[in-house]
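Asker:
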Amino acid sequence: MASINLKHVSKKYDNKVVAVADFNLDIEDKEFIIFVGPSGCGKTTTLRMIAGLEEITNGEIYIDGRLINDVQPKDRDIAMVFQNYALYPHMTVFENMAYSLKLNKTQKSEIKARVQEAARILEIEDLLDRRPKALSGGQRQRVALGRAIVRQPKVFLMDEPLSNLDAKLRSQMRTKISKLHQDLQTTFIYVTHDQVEAMTMGTRIVVMKDGYIQQVDAPQTLYEKPNNIFVAGFIGSPQMNFIQALVGKSEEEVQLKFGNSSIMLPKEKARILEDKGYIGKEIIMGIRPEDIHDEEIYLDSLAGCDVEASVEVIEMLGPETLLHVKIEASELTVKVNPKKLIKVGDTIKLALDPDKVHIFDKETEWTIMN
Ligand code: ATP
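Quick note, the working numbering runs 6 ahead of the 1-based positions in the sequence shown.
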């Protein structure tokens, strides 16, 4: 069991940098929580405060309802896995994994059983006699995980544990860590700046920027209902497209107009914009590359939402093709079926799915739709 509660937690370093501001989060037992955000947004600082490696300037942190602000790191029942593995070079894999248990004066037979069990889970049983320098990056990372597992902690904290690995290994280790979470049934908090890692591993994602939480949600909810332009742009690859548009109304229809193009909004979105007084105002419209279509079937069914686009760059990725197009003054990325023959310089018709359009306030950059 390990729930974690952070209440109004903040961190101001001596150099007056506010790394984390008024951080509030309730993490339930067995969750896999991801802290994600660009460099310097305060992810590591938050993790280190939970671990007890960094003093908290303000606020409270509870583990299983117990206030731990003044509890020593070693007494928090937490294990941390770092980016650089931090293995002892002169010790074998077995000794590295056994080290913390030895310090705790755990019985020899128990140490052996726990190390072997962790090695089995991580598939490193045949590496136990090697020293770290005789291991690949991925194997070292597994030993670092093993060293955390043997302690049977209540909480696992991981700080960019895969960032030193190549793309293929990262993807393998992602799966392994997700599996580990299922097997161990403990609380994981994982820091990354990689939105793919965040989306594929987390049960909930905390998106941070400049020390502030922007949104906390399940991956799919973040993707479908981003709170603001920052989250919308950060989650998803290729990125969401953004277009400045004017909200217009003629007869009973509400449209988003940009240059000589416009799209008609569905009733619910139109009602919200009208109720909130956005008719005649500029907004930022967001649309993901996969919600812009070039197939006839969409062009027919999404009448009133079609625009002309000139194709500037084509990227063929195999299962899909990305078109970089210009629509009025804006440059957009569109995901299309690779089978369709399109050339650079073509003018094509595209339909923007109005149900999938996101609308943000131009000043605050927060969604108008929630
Ligand atoms: P990265 O992905 O680059 O590791 P991060 O999101 O983990 O970034 P933090 O390392 O938590 O960010 O840093 C948050 C802010 O606090 C940054 O502006 C950083 O420069 C600052 N900072 C971090 N550690 C210290 C320190 N020991 N003293 C002063 N400022 C610090």
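Glycine residues also receive a C-beta, built at the ideal position from the N, C-alpha and C atoms.
Remember, predicted model here, so these are calculated numbers, not experimental data.
Kindly indicate the opening and closing residues of the alpha helix (DSSP H) around V99.
Answerer: Along the sequence shown, one-based indexing puts residue 99 at 93. It spans 99 to 109 - the alpha helix (DSSP H) in which V99 sits, taken as one unbroken run.
Asker: Could you compute how far the alpha carbon of A57 sits from the alpha carbon of M86?
Answerer: Residue numbering aside, residue 57 sits at position 51 when the sequence shown is read from its first letter. Residue numbering aside, residue 86 sits at position 80 when the sequence shown is read from its first letter. Using only the alpha carbons, I get a separation of about 8 Å.
Asker: Excluding the 5 residues flanking A8 on each side, which residues of the same chain have their C-beta closer than 7 Å to its C-beta?
Answerer: By one-based count along the sequence shown, residue 8 stands at place 2. Cβ within range, chain order: D35, I69, D70, K160, V161, T192, T193.
Asker: Can the beta-carbon of K341 be found closer than 8 Å to that of E318?
Answerer: Residue numbering aside, residue 341 sits at position 335 when the sequence shown is read from its first letter. Residue numbering aside, residue 318 sits at position 312 when the sequence shown is read from its first letter. Not a contact, by the Cβ cut-off of 8 Å.
Asker: Alpha carbon to alpha carbon, what distance is there between L329 and K13?
Answerer: As a working note, residue 13 is residue 7 in the sequence shown. As a working note, residue 329 is residue 323 in the sequence shown. Looking at the two C-alpha atoms, the distance is approximately 45 Å.
Asker: Does the Cβ of K368 lie closer than 7 Å to at least one heavy atom of the ligand ATP?
Answerer: Taking the sequence shown and counting its residues from 1, the one referred to as residue 368 is at position 362. Outside the cutoff, so no.
Asker: Any chance the CB of T63 is under 7 Å from a heavy atom of the ligand ATP?
Answerer: Along the sequence shown, one-based indexing puts residue 63 at 57. No, the ligand ATP has no heavy atom inside 7 Å of this Cβ.
Asker: Can you tell which of A204, Q158, L163 has its C-alpha closest to the C-alpha of R180?
Answerer: Counting from 1 along the sequence shown, the entry for residue 180 is found at position 174. Ranking the options by Cα distance to R180, first place goes to A204.
Asker: Should I285 be labelled buried (16 or more other beta-carbon atoms within 10 Å of its own) or exposed?
Answerer: The residue given as residue 285 occupies position 279 in the sequence shown. Result: exposed.
Asker: Can you give me the C-alpha to C-alpha distance between I33 and V26, rounded to a whole angstrom?
Answerer: One-based indexing of the sequence shown puts residue 33 at position 27. One-based indexing of the sequence shown puts residue 26 at position 20. Between I33 and V26, the C-alpha separation is close to 17 Å.
Asker: What does a CB cutoff of less than 7 Å around D367 pick up in its chain, not counting 5 residues either side in sequence?
Answerer: Position 361 of the sequence shown, counted from the first residue, corresponds to residue 367. The answer, listed in chain order, is I289, I374.
Asker: Assuming R148 and I130 make a contact with CB atoms under 8 Å, what is their CB distance in whole Å?
Answerer: Translated into the one-based positions of the sequence shown, residue 148 becomes position 142. Translated into the one-based positions of the sequence shown, residue 130 becomes position 124. That belief holds up - the Cβ atoms of R148 and I130 are roughly 5 Å apart, short of 8 Å.
Asker: Anything with a beta carbon under 6 Å from a heavy atom of the ligand MN counts; list them all in chain order.
Answerer: The model on display carries the ligand ATP but not the ligand MN.
Asker: Am I right that S256 and L262 are in contact with their C-beta atoms under 8 Å? What's the rounded C-beta distance?
Answerer: As a working note, residue 256 is residue 250 in the sequence shown. As a working note, residue 262 is residue 256 in the sequence shown. Going by Cβ atoms, the distance from S256 to L262 rounds to 12 Å, so no, they are not a contact pair.
Asker: Looking only at C-alpha atoms, which of E337, L228, D189 sits nearest to I127?
Answerer: Numbered from 1 along the sequence shown, position 121 holds the residue referred to as residue 127. Of the candidates E337, L228, D189, the one whose C-alpha sits nearest the C-alpha of I127 is D189.
Asker: May I have the straight-line CA-CA distance separating K114 from T52, to the nearest angstrom?
Answerer: As a working mapping, residue 114 is identified with position 108 in the sequence shown. As a working mapping, residue 52 is identified with position 46 in the sequence shown. When rounded, the distance between both Cα atoms is 36 Å.
Asker: Is there at least one Cβ from chain B nearer than 8 Å to G46's Cβ?
Answerer: Among the chains of the structure shown, chain B does not appear; only one protein chain is present.
Asker: Relative to the C-alpha of K139, which residue among V42, N102, E274, L347 is closest?
Answerer: For the purposes of this step, residue 139 is taken as residue 133 along the sequence shown, with counting starting at 1. Among V42, N102, E274, L347, the Cα nearest to that of K139 belongs to N102.
Asker: Have a look at L323 and Q178 and give me their C-alpha separation to the nearest angstrom.
Answerer: Residue numbering aside, residue 323 sits at position 317 when the sequence shown is read from its first letter. Residue numbering aside, residue 178 sits at position 172 when the sequence shown is read from its first letter. So the two alpha carbons sit approximately 21 Å from each other.
Asker: Can you give me the Cβ contacts of R157 inside the same chain, cut-off strictly under 6 Å, excluding the 5 residues immediately before and after it?
Answerer: Position 151 of the sequence shown, counting from 1, holds the residue named residue 157. Closer than 6 Å at the Cβ level, and outside the excluded window around R157, lie A85, S106.
Asker: Measure the alpha-carbon distance for F100 versus N90 and round it to whole angstroms.
Answerer: On the sequence shown, residue 100 is found 94 positions in, with the first residue counted as 1. On the sequence shown, residue 90 is found 84 positions in, with the first residue counted as 1. Taking the straight line joining both Cα atoms gives about 19 Å.
Asker: What's the gap between the Cα of K275 and the Cα of G265?
Answerer: Translated into the one-based positions of the sequence shown, residue 275 becomes position 269. Translated into the one-based positions of the sequence shown, residue 265 becomes position 259. Their backbone Cα atoms lie some 21 Å apart in a straight line.
Asker: Check whether the Cβ atoms of I235 and E371 sit closer than 8 Å, and answer yes or no.
Answerer: Position 229 of the sequence shown holds residue 235. Position 365 of the sequence shown holds residue 371. Contact: yes.
Asker: When DSSP builds the beta bridges, which residues end up paired with S357?
Answerer: Counted from its first residue, the sequence shown places residue 357 at position 351. Reading off the sequence shown, one finds Ala at residue 357, where the question assumed Ser. Paired residues: H299, D312.
Asker: With a threshold of 7 Å on Cβ separation, who are the neighbours of Y1 within its own chain once the five nearest residues in sequence on each side are excluded?
Answerer: Any property of residue 1 remains undetermined from this structure, which presents the chain solely from 7 to 376.
Asker: Taking K18 as the reference, which of F240, C47, K362, K355 has the closest Cα?
Answerer: For the purposes of this step, residue 18 is identified with residue 12 of the sequence shown, where counting begins at 1. If we check each option's Cα against that of K18, C47 comes out closest.
Asker: Below 8 Å, can you find three or more Cβ-Cβ pairs linking the region 207 to 224 to the region 243 to 253?
Answerer: With a cut-off of 8 Å, the region 243 to 253 and the region 207 to 224 do not count as touching, because too few Cβ pairs lie within range.
Asker: Excluding the 5 residues flanking A150 on each side, which residues of the same chain have their C-beta closer than 6 Å to its C-beta?
Answerer: For the purposes of this step, residue 150 is taken as residue 144 along the sequence shown, with counting starting at 1. Once the five neighbours on either side are set aside, the close Cβ partners of A150 are V87, Y91.
Asker: By DSSP, does E116 sit in helix, in strand, or in coil?
Answerer: Position 110 of the sequence shown holds residue 116. E116: helix per DSSP, three-state reduction.
Asker: Can you tell me where the alpha helix (DSSP H) holding Y229 begins and where it ends?
Answerer: If you number the sequence shown from 1, residue 229 lands on position 223. First-last of the alpha helix (DSSP H) with Y229: 225 to 230.
Asker: In three-state DSSP terms, what is Y19?
Answerer: Residue mapping note: residue 19 aligns to position 13 of the sequence shown, counting from 1. Y19: coil per DSSP, three-state reduction.
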